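Before any comments, here is the structure.
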Amino acid sequence: MITDTIAAISTSTMSNAGIGIVRISGDEAISIADKIFVSNTPNKTLKNVKSHTINYGKIVENGKYIDEVLVSVMKAPNTYTKEDIVEINCHGGILVVQKILSLVIESGARIAEPGEFTKRAFLNGRMDLSQAEAVMELIHSKNEFALKSSMSSLRGDFSNKINEIREQVINNIAYIEAALDDPEHISLEGFLEELGENVDKYIQTVEKLLATADNGRILKEGISTVILGKPNAGKSSLLNALSGVERAIVTDIEGTTRDTLEEQINLDGIVLNLIDTAGIRETQDIVEKIGVQKAKDYAQTADLIIYVVDASTKLDDNDLEIIDIIKDKKTIVLLNKSDLEAKITMEDIKEHINCKTVSISAKNLEGIDDLSDTIKKMFLKGEVSFDDEIYVANVRQKTSLQEALKSFKMVKTSIENCMPEDFLSIDLMNAYAELGKIVGQSVEEDLVNEIFSKFCMGK
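The opening residue of the sequence shown carries number 836 in my numbering; numbering runs sequentially from there.
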């Protein structure tokens, strides 16, 4: 049972701001705040105010005025943690906020651990584990699609889907166990056929959820994008054009970029984790050779490859080597230097590789909108469209779904092989437990602590 009261700064502690918030949660939250708060209304204390009200007054230390504040009082159970919560809204100077937090701690609270407010919300039944993880994903959302996905999970859309399957599975288990205990009154005749049909539905649902796992990662983390091309094709110019700053050195000298450059950009709501690489060519320069190999290595794990072609020169052996590297990858070919006389056409490219092709001039910032639209169509139509689809957002959830899927398939195999009903019950229970881990129904304390340790302070 949770008995202590916690406190933390819930706004940024890195810089001054207009407003700072100190959050307190626990049985003593209101009485602790009352020790340092003086209302501008005579004889008014926080203990006696109505829940979910904002109260104007001052924070004092030994009668000395510290800051003018608005204090929000929210009484259990209708709060984020299902405990009494007080939020002191003060001026956002770093020293002011730290001072008020110190007074709260001196008055009986303790510093909250990272994510402890949300952890209490989970432990007190305010939300399940997948919803708690959605809180962290919401905070770290980098684009609109990640934001919508996080909000969907926070609403409980993902949890509801998991709990729906679990409820059906436990009903099946209960029926099997009851039939085994009382075969005279409960018959399994015809049940196995019905169970097989149900398990097919469970498998289909879980496989559909698993198919979203990589898309969920892209929504959350962005698209890992590698820029490839031979020297002087315009890769660094493209990086600068997309990022809007002179991030990479651009010269007419081949091999200027010898190592990788990384930049994260938001391209009309899509996050690209861009990696500009050394131009791929045969070279005797040791440093450049290392850069070329790194470019090839990055290409193997990228979500997207942007292959920059110098359209003012004919394709050569270096281009053919690059095409061989990317032929099975998700690729967009950019015919760069469209401001110069073209010696390569889209038809020339299609003779070697079948992929999306866009004509641009990185130097003159022409065609960038076409590139943006192409990426959107590639990643947001069907493959990574949000709509109302539920996304698996992390490895923990994916792993549990994979284990549940294995168990469901074992149930299916057991039915087909006419195995004893005990085997069905065991595998169904394993699937039930794995799905329970997703929503936090059967998860170890150490894992819970690890999950919430990744949260920011104050949340």
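Cβ coordinates follow ideal geometry from the N, Cα and C atoms, glycine included. Values in this document were obtained by computation on a predicted structure and should not be read as measured data.
| Check | Outcome |
| --- | --- |
| Length of the line joining the Cα atoms of Ile894 and Glu951 | 25 Å |
| Within the region 1018-1083, ranges of the beta strand (DSSP E) (whole runs, at least 3 residues) | 1058-1063 |
| Collapsed DSSP secondary structure at Asp992 in the structure displayed | helix |
| One or two residues paired with Arg1001 in a DSSP bridge | Answer is none; Arg1001 lacks a bridge partner. |
| Rounded Cβ spacing between Leu1102 and Ile1250 (contact assumed at less than 8 Å) | About 49 Å separates the two Cβ atoms, so there is no contact after all. |
| 7 Å Cβ cutoff met for Ser1059 and Asp1138 | yes |
| Opposing strand residues paired with Gln1099 [DSSP bridges] | Asn1108 |
| Secondary structure of Val1193, DSSP reduced to three states | strand |
| Residues near Gly1057 in its chain [Cβ-Cβ closer than 7 Å; skip 5 each side] | Lys977, Gln1099, Val1106, Leu1107, Asn1108 |
| Of the listed residues Asp1132, Ala1268, Thr1040, nearest to Lys996 (C-alpha basis) | Thr1040 |
| Nearest neighbour of Gly927, chosen from Asp1154, Leu881, Val904 [CA to CA] | Val904 |
| CB of Ala1134 within 7 Å of CB of Ile1140, strictly | yes |
| Separation of Gln1003 from Ser860, as counted between CA atoms | 37 Å |
| Straight-line Cα distance separating Ile1021 from Met1245 | 24 Å |
| Identity of the residues DSSP links to Arg858 by a beta bridge | Ala843, Glu922 |
| Enclosing beta strand (DSSP E) for Asp1145 [first to last residue] | 1139-1145 |
| Residues bridged to Leu1169 [DSSP beta-bridge criterion] | Val1143, Val1193 |
| Contact under 7 Å by Cβ, Arg1227 with Leu1206 | In the sequence under discussion, the amino acid at residue 1227 is Val, which differs from the Arg named in the question. Against a cut-off of 7 Å, the Cβ pair of Leu1206 and Val1227 comes out as no contact. |
| Beta strand (DSSP E) segment containing Glu903, residue limits | 899-909 |
| Residue span of the beta strand (DSSP E) that contains Thr916, given as start and end | Counting along the chain, Thr916 falls outside any beta strand (DSSP E), and DSSP gives it neither H nor E. |
| Ile1161 - DSSP class collapsed to helix/strand/coil | helix |
| Boundaries of the alpha helix (DSSP H) in which Lys1244 is found, first to last residue | 1230-1251 |
| First and last residue of the uninterrupted alpha helix (DSSP H) at Glu972 | 964-974 |
| First through last residue of the alpha helix (DSSP H) which encompasses Thr953 | 951-958 |
| Proximity to Leu1240 [Cα-Cα], best of Gln966, Glu1019, Ile1038 | Ile1038 |
| Integer-rounded CB distance, given that Pro949 should sit under 8 Å from Phe1287 | 7 Å |
| Between the CA atoms of Phe1243 and Lys1036 - distance to the nearest angstrom | 10 Å |
| C-alpha distance - Asn890 paired with Cys925, whole-angstrom precision | 12 Å |
| For Ile974 and Ala864, the rounded distance between their alpha carbons | 25 Å |
| DSSP three-state assignment for Val1219, whether helix, strand or coil | For Val1219, the predicted structure reports a pLDDT of 44, less than 50, and the residue's modelled location is therefore unreliable. The matter cannot be settled from this model. |
| Contacts around Asp1281, its chain only, beta-carbon distance under 8 Å, and the 5 residues preceding and following it disregarded | none |
| Collapsed DSSP secondary structure at Asn883 in the structure displayed | helix |
| Sub-7 Å separation of Gly892 and Ser874 beta-carbons | yes |
| Enclosing alpha helix (DSSP H) for Ser874 [first to last residue] | Note, Ser874: premise wrong, no alpha helix (DSSP H); beta strand (DSSP E) at 872-874. |
| Segment limits, alpha helix (DSSP H) that includes Lys1272 | 1256-1274 |
| Close beta carbons around Leu1150, own chain, < 8 Å, minus the five adjacent residues each side | Val1144, Ile1179, Asp1183, His1187 |
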